[in-house]
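Below is one structure, written out as structure tokens; the observations come after it.
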Ligand code: GDP
Ligand code: IMO
Ligand code: MG
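In this note's numbering, the protein residues as written are 147 to 577.
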């Protein structure tokens with residue numbers, strides 16, 4: 147096995163990354179998160195328990211493996227504290243085996259307000275963010291105004307006060323803009339209380355080891371240790387390649403693992419690309435194969451497609467092979483992982499979008515804009531009408547499902563090596 151493997155989502159998020167990272171963790175020594183923050187919601191189920199992780203890597207449930215929050219992540223100390231305390235209460239104390247990069251950026255309480263104010267100022271064109279302050283925190287990082295975990299150890303109060311003051315002025319000016327457009331201003335009430343709790347989070351964070359993660363990771367690799375990098379969000383939410391501007395504010399593609407951890411590109415081996423047997427999206431933005439009819443509602447109901455972070459309804463549609471070919475290309479995916487096929491068990495036929503017609507011209511390549519003028523061209527395959535969740539091995543799969551897998555592998559020119567047929571850790575079949 148190569149020393150650094152990456153697992154990431156190929157659609158618009160919620161593909162099931164958390165579940166599979168947990169399943170694969172026994173193969174590795176270290177599990178890391180390299181981008182995103184508490185906008186992520188990774189659900190894991192085993193032994194009749196369900197856990198939702200936001201900032202903490204999904205490798206923490208498998209023995210004493212080292213888990214690292216990398217420099218590319220944005221961390222909210224308050225949300226982190228809540229998540230870690232919940233885990234400690236359920237018997238998973240992490241203080242000795244979860245390490246945090248000193249270079250990870252901090253999400254301040256005012257970043258959350260700025261997120262709201264930005265959305266309000268956009269009016270109808272809002273992104274539909276998770277409201278966790280992700281965009282403003284990455285904006286501060288890129289504009290060289292951010293605060294990092296390492297700053298907590300050095301003159302933090304003064305640095306925090308300056309950042310807060312700057313944010314308040316920005317929120318006031320965004321509020322003025324929103325009011326001018328007939329929108330609503332974001333109120334400051336509650337900020338003092340939030341700030342108090344957030345500072346408790348900062349104190350709590352100090353229980354964990356802050357590390358120079360790029361050195362620690364590369365030294366561990368030198369010692370022959372192996373690493374699994376866990377992506378958050380999905381490749382179609384990547385700030386460069388996703389459906390801009392309806393994206394998140396980080397590089398969710400494989401290259402993000404290099405910048406978000408300090409790992410050289412030539413160290414990366416396997417790239418696991420994970421996708422659902424259909425497709426979902428939360429928030430605003432284009433979604434060519436979205437279903438607005440009963441079929442979409444049926445997928446949502448059977449697949450429990452509601453956001454783990456915000457509880458919002460996930461928009462549902464058929465699988466989009468044009469988008470998948472694009473994200474497989476961008477990430478250099480070497481192995482595919484298909485999730486949630488069991489959700490389609492009762493569908494008489496299954497559709498897959500194999501090409502788009504863009505203003506009447508057929509293409510298999512993902513275009514600059516998927517906003518308008520796109521007509522998905524579908525292939526319709528027979529359903530399997532069988533309970534996949536009971537299958538224990540590939541031999542149990544019905545013929546129609548085997549044909550569906552073979553069809554996808556041909557269209558995507560990449561092998562599907564893992565299939566998930568239910569939310570539980572045990573409902574995973576490696577081929
Ligand atoms: P992530 O953000 O990529 O980790 O994915 P989420 O956890 O947000 O969403 C995936 C959801 O599907 C979770 O509720 C999982 O418990 C559930 N899930 C994962 N794999 C399967 C599967 O194969 N079948 C079914 N029915 N549910 C699954
Ligand atoms: P996981 O890791 C699905 C979406 C939001 C919004 C856009 C920008 O669970 O797959 P942000 O708060 O990041 O500025 O929001 O991105 N989004 C996600 N959608 N799963 C996620 O994470 C997401 N994280 C962000 O809904 O459309
Ligand atoms: Mg999720």
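Virtual Cβ for every residue (Gly too), placed ideally from N, Cα, C.
Taking its Cβ as the centre, do 16 or more other Cβ atoms sit within 10 Å of residue 489, making it buried, or is it exposed?
Stepping through the chain shown from its first residue, residue 489 is reached at position 343. With a 10 Å radius around the Cβ and a threshold of 16 neighbouring Cβ atoms, residue 489 comes out buried.
Kindly indicate which three-state DSSP category residue 313 falls into: helix, strand or coil?
Within the chain shown, numbered from 1, the residue matching residue 313 stands at position 167. In this structure, DSSP gives residue 313 a helical state, which the three-state scheme calls helix.
Based on Cα-Cα distance, which residue from 496, 521, 499 and 434 lies nearest to residue 507?
For the purposes of this step, residue 507 is identified with residue 361 of the chain shown, where counting begins at 1. Between residue 507 and the set 496, 521, 499 and 434, the nearest pair of CA atoms involves 521.
Quick one: what's got a C-beta closer than 7 Å to residue 265's C-beta in the same chain, skipping five residues either side?
Here residue 265 refers to the residue found at position 119 of the chain shown. Same-chain partners within the cutoff: 272, 273 and 275.
Let me confirm a value: residue 308 is counted as buried when at least 16 other C-beta atoms fall within 10 Å, else exposed. Which label applies?
Taking the chain shown and counting its residues from 1, the one referred to as residue 308 is at position 162. Residue environment analysis places residue 308 among the exposed positions, since fewer than 16 neighbouring C-beta atoms fall within 10 angstroms of its C-beta.
Start and end residues, alpha helix (DSSP H) containing residue 553
The sequence position of residue 553 within the chain shown is 407, counting from 1. Taken as a continuous stretch (DSSP letters only), the alpha helix (DSSP H) holding residue 553 covers 545 to 558.
Taking buried to mean at least 16 other C-beta atoms within 10 Å of its own C-beta, is residue 147 buried or exposed?
By 1-based counting over the chain shown, the position of residue 147 is 1. Low confidence applies to residue 147: its pLDDT is 47, below 50, so where it sits in the model is not reliable enough to give any reading.
Taking 8 Å as the CB-CB cut-off, is residue 411 touching chain C?
Absent from the structure: chain C. Only one protein chain is present.
Alpha helix (DSSP H) runs wholly inside the region 325 to 369, at least 4 long, in chain order
Runs of the alpha helix (DSSP H) inside the region 325 to 369: 337 to 351 and 359 to 368.
DSSP state of residue 217 mapped onto helix, strand, coil:
Position 71 of the chain shown, counted from the first residue, corresponds to residue 217. The three-state secondary structure of residue 217, taken from DSSP, is coil.
Verify the contact flag: residue 158, CB atom, against every heavy atom of the ligand IMO, threshold strictly below 7 Å.
Counted from its first residue, the chain shown places residue 158 at position 12. Yes - the ligand IMO has a heavy atom lying nearer than 7 Å to the Cβ of residue 158.
So for residue 486, helix, strand or coil by DSSP?
Your numbering for residue 486 matches position 340 in the chain shown. Collapsing the DSSP output to three states places residue 486 in coil.
Simplified DSSP state of residue 422, which is helix, strand or coil
For this step, residue 422 is matched to residue 276 along the chain shown. Three-state DSSP puts residue 422 in a strand.
Would you decide whether residue 257 is buried or exposed? Buried here means 16 or more other CB atoms lie within 10 Å of its CB.
By one-based count along the chain shown, residue 257 stands at place 111. Buried, because 16 or more other Cβ atoms sit within 10 Å of the Cβ of residue 257.
Per DSSP, what are the beta-bridge partners of residue 195 in this structure?
Here residue 195 is taken as the residue at index 49 of the chain shown, counted from 1. Under DSSP, residue 195 shares a beta bridge with 192.
Can you say whether residue 492 is buried or exposed, counting buried as having 16 or more other CB atoms within 10 angstroms of its CB?
Within the chain shown, the letter at position 346 stands for residue 492. Exposed: under 16 other Cβ atoms inside 10 Å.
Does DSSP classify residue 245 as helix, strand or coil?
Counted from its first residue, the chain shown places residue 245 at position 99. Note: residue 245 maps to strand in three-state DSSP.
Out of curiosity, what's the CA-to-CA distance linking residue 436 and residue 453?
For the purposes of this step, residue 436 is taken as the residue at position 290 of the chain shown. For the purposes of this step, residue 453 is taken as the residue at position 307 of the chain shown. Rounded to whole angstroms, residue 436 to residue 453 spans 17 Å at the Cα level.
For the ligand GDP, I want to know if residue 165 counts as a neighbour, meaning its beta carbon is within less than 7 Å of at least one of the ligand's heavy atoms.
Locating residue 165 in the chain shown gives position 19, counting from the first residue. Within the chosen limit of 7 Å, the ligand GDP reaches the beta carbon of residue 165 through at least one heavy atom.
Within the region 239 to 308, ranges of the beta strand (DSSP E) (whole runs, at least 3 residues)
Segments of the beta strand (DSSP E) lying fully in the region 239 to 308: 244 to 247.
Have a look at residue 510 and residue 424 and give me their C-alpha separation to the nearest angstrom.
Here the question's residue 510 lines up with position 364 in the chain shown. Here the question's residue 424 lines up with position 278 in the chain shown. A direct Cα-to-Cα measurement between residue 510 and residue 424 gives close to 18 Å.
Would you tell me roughly how many angstroms separate the C-alpha atoms of residue 251 and residue 295, rounded to the nearest one?
Walking along the chain shown from the start, residue 251 turns up at place 105. Walking along the chain shown from the start, residue 295 turns up at place 149. Cα to Cα, residue 251 sits roughly 6 Å from residue 295.
Heavy atom of the ligand IMO less than 7 Å from the Cβ of residue 435, yes or no?
Looking up residue 435 in the chain shown gives position 289. False, no ligand heavy atom lies under 7 Å from that Cβ.
Would you mind giving the Cβ-Cβ distance between residue 314 and residue 263, rounded to the nearest angstrom? I have them listed as a contact below 8 Å.
Here residue 314 is taken as the residue at index 168 of the chain shown, counted from 1. Here residue 263 is taken as the residue at index 117 of the chain shown, counted from 1. So it is not a contact: roughly 11 Å between Cβ atoms.
Quick one: what's residue 501 bridged to in DSSP?
Here residue 501 refers to the residue found at position 355 of the chain shown. According to DSSP, residue pairing for residue 501 in a beta bridge involves 523.
beta-carbon residue 278 near the ligand IMO non-hydrogen atom, thresh 7 Å:
Taking the chain shown and counting its residues from 1, the one referred to as residue 278 is at position 132. For the ligand IMO, at least one heavy atom lies less than 7 Å from the Cβ of residue 278.
On the three-state DSSP scale, how would you describe residue 468?
For the purposes of this step, residue 468 is identified with residue 322 of the chain shown, where counting begins at 1. Here residue 468 sits in helix by DSSP.
Could you work out which residue in 394, 478, 212 and 304 is closest to residue 181 when comparing CA atoms only?
What you label residue 181 is simply residue 35 of the chain shown in a count that begins at 1. Closest in C-alpha terms to residue 181, from the list 394, 478, 212 and 304, comes 394.
Within 8 Å, strictly: CB atoms of residue 179 and residue 376
The residue given as residue 179 occupies position 33 in the chain shown. The residue given as residue 376 occupies position 230 in the chain shown. Contact annotation: residue 179 and residue 376 have beta-carbon atoms nearer than 8 Å.
Is residue 496 helix, strand or coil by DSSP?
As a first step, residue 496 must be located in the chain shown, where it is residue number 350. The answer is strand: DSSP assigns residue 496 an E or B state.
Does the beta-carbon of residue 429, which I'm using as the reference point, lie nearer than 7 Å to any heavy atom of the ligand GDP?
The residue you call residue 429 lines up with position 283 of the chain shown. It does not: the Cβ of residue 429 is nowhere closer than 7 Å to a heavy atom of the ligand GDP.
Over the uninterrupted alpha helix (DSSP H) stretch that includes residue 442, give me the two end residues.
Locating residue 442 in the chain shown gives position 296, counting from the first residue. Residues 440 to 448.
Does at least one heavy atom of the ligand GDP sit under 7 Å from the Cβ of residue 567?
In the chain shown, counting from the first residue as 1, residue 567 sits at position 421. Because some heavy atom of the ligand GDP lies under 7 Å away, the Cβ of residue 567 counts as near it: yes.
Using the DSSP secondary-structure output, state which residues sit across from residue 508 in a beta bridge.
Counted from its first residue, the chain shown places residue 508 at position 362. Residue 508 pairs with 503.
By Cβ distance, which residues of its chain are closer than 6 Å to residue 189, with the 5 residues on each side in sequence left out?
The residue you call residue 189 lines up with position 43 of the chain shown. Same-chain partners within the cutoff: 164, 198 and 454.
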